[in-house]
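Numbering (the working numbering), first residue to last: 2 to 275. First the structure, in the form of structure tokens, and then the observations on it.
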Amino acid sequence: MTANRAIGWGMEALPRIVRGEGSYLYDAAGRRYLDGSGGPAAFSIGHGNREVNAAIAAQLEQVACGYRYLFSSEPLEQLTSLLLARCGPQFGHIVYSGSGSEAVESAMKLALPYWNARGLPAKRHFVARERSYHGNTLGALSASGFLERRRPFEGSLLDVSFVSAANAYRPLGGLAGAELTAALADELDARIAALGSQRVAAFIFEPVVGAAGGVVPAPPGYAQAVRAVCDRHEVLVISDEVMCGAGRCGTWRALEHEGVVPDIMAVGKGLAAG
Ligand SMILES: Cc1ncc(COP(=O)(O)O)c(C=O)c1O
């Protein structure tokens, strides 16, 4: 509490939640709140789901954790087969982590040994978009075009290049539709060329922007266009589906709508329903 006051978050004024049920949260005074956004777009099955709580309790009675470098387990193997089936045949490997930020951090880190193994160790640089959010670890925050959240850490963040947000409401150059998509793809193309594609490891983006924009889908054809640019330059595509994936856009992967397969994808939030 003291720490919160000291940095001025004003959390001391927030209602103290004591219970959750379905779409509602209840505070200590018995007041009911409709959790319209499901927290940070995470609680996809609502609060206090009895079936899931019972399954968690039953699993805790068995074992809470088998350290991943030493053991596998039945729930881990079941989840892996389920995810691989949902993601489609192009995805072969899964890395588990504890949060969306770590998932993005892992996605970014994976790109680097990949290029080492391909004999291209100079590919180290990341390109990301303005008005984006990828998480609070240093790497994920470095790739985030969320100025307010970056500000306290400037000076220690990675040197990431930013291209324009894919936002049809506040569009690059006042363009619309296919012209906007083409301009955004051209901008990415020019940026990678200027950096030197031999230096660029990956382009990371959210198919639908969450925290940094409030549900901002890209203009039609955007994912296909940036996929083509990245393929031309031999740059990996990282899709950050932490907020928009795991079914939130109606398909299991958000990029399924455009028939685009990223090289690496980060999923979180709704996957474990908070
Ligand atoms: C697109 C996206 N990526 C990553 C994250 C970070 O996830 P977490 O808060 O679980 O660390 C968020 C959080 O809002 C997000 O919206």
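Where a beta carbon is used, it is the ideal one built from N, C-alpha and C, also for glycine. All figures in this text were calculated on a predicted structure; none of them were measured in a lab.
Per DSSP, V230 is one residue of the alpha helix (DSSP H) stretching across Y223 to H234.
Annotation: the continuous beta strand (DSSP E) that includes V201 extends over V201 to F206.
Rounded to whole angstroms, G178 and G248 show a C-alpha spacing of 26 Å. Using a cutoff of 8 Å, the CB of E62 does not count as near ligand 1, since none of the ligand's heavy atoms is closer than that.
Secondary structure note for D187: its alpha helix (DSSP H) is the uninterrupted segment G178 to L196. Using a Cβ distance threshold of 9 Å, S24 and L15 do not count as a contacting pair. Proximity to L237 across I95, K124, L173 and G11 peaks at K124, based on C-alpha coordinates. With 16 or more other Cβ atoms inside 10 Å of its own Cβ, I205 counts as buried. Beta-bridge pairing by DSSP links M244 to no other residue.
The C-alpha of V161 lies about 27 Å from the C-alpha of E257.
Straight through space, the alpha carbons of S240 and E106 are spaced by roughly 12 Å.
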